[in-house]
Amino acid sequence: MPEPFALRDRTEADHAFLQALYLSTREDLQQALPDPALLQQLVAMQQTAQETGFRYRFPQARQLLLLRSGLPIGRVVVDTGQHALRLVDIAITPQARRSGAATAVLAALQAHALAQGLPLCLAVAHTNHAAQSLYRKRGFATASEDDLLAQMVWQGAPA
């Protein structure tokens with residue numbers, strides 16, 4: 159990863175940051191539930207469900223913290239399979255979005271996939287236009303899609 163960015167394995171000490179990060183990605187819940195106590199309970203349940211789903215579908219996936227100048231600004235979940243490297247999830251704090259952090263993560267994953275001779279795959283929501291634009295700029299193409307998600311794949315040299 160290029161300076162000032164770095165990745166490290168997530169630890170139990172990262173729980174509070176990850177909880178705040180998850181909440182920042184759920185504007186839908188923040189708008190629907192004005193009661194802070196109820197919102198915190200629901201967010202905790204949703205976050206647990208998401209992490210359980212990741213562990214079930216991708217039991218070997220690495221859960222990493224994205225750092226900028228040593229401070230956490232995001233989370234990255236990556237699974238190395240026999241036939242592909244998969245970016246399972248990436249989330250970046252609102253303050254760090256559009257800072258080059260996601261581009262740095264993608265470039266590092268593309269270099270790793272290239273070195274392993276694997277395609278890099280991911281799924282992105284149709285409603286996440288900013289992420290779709292970034293992925294296309296990095297050379298990803300849509301392989302398939304359903305009503306909610308586009309499955310994208312990168313198979314070439316980094317953009």
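Residue numbers (the working numbering): 159 to 317. For glycine and all other residues, C-beta sits at the position ideal for the given N, C-alpha and C. Keep in mind it's a predicted model, so treat the numbers as computed, not measured.
{"Check": "Taking Cβ to Cβ, would you say Q290 is nearer than 8 Å to A301?", "Outcome": "no"}
{"Check": "Checking 8 Å against the spacing of the C-beta atoms, do L224 and D167 come in under that value?", "Outcome": "no"}
{"Check": "If we require 4 or more residues per run, which alpha helix (DSSP H) segments fall completely within the stretch 257–287?", "Outcome": "259–274"}
{"Check": "In angstroms with no decimal places, state the Cα-to-Cα distance between Q253 and Q189.", "Outcome": "19 Å"}
{"Check": "Once you ignore the five residues that flank A299 on each side, which residues in its own chain have a CB closer than 7 Å to its CB?", "Outcome": "M310, V311"}
{"Check": "Using DSSP with H/G/I as helix, E/B as strand and the rest coil, what is E161?", "Outcome": "coil"}
{"Check": "Do you know how far the Cα of L276 is from the Cα of P217?", "Outcome": "19 Å"}
{"Check": "Starting from the Cα of S257, find the closest Cα among R213, A269, L292 and give me that residue.", "Outcome": "L292"}
{"Check": "In or out: T251 buried (at least 16 other Cβ within 10 Å) or exposed?", "Outcome": "buried"}
{"Check": "At what residues does the beta strand (DSSP E) containing A308 begin and finish?", "Outcome": "307–312"}
{"Check": "Determine the DSSP secondary structure at R233, reduced to helix, strand or coil.", "Outcome": "strand"}
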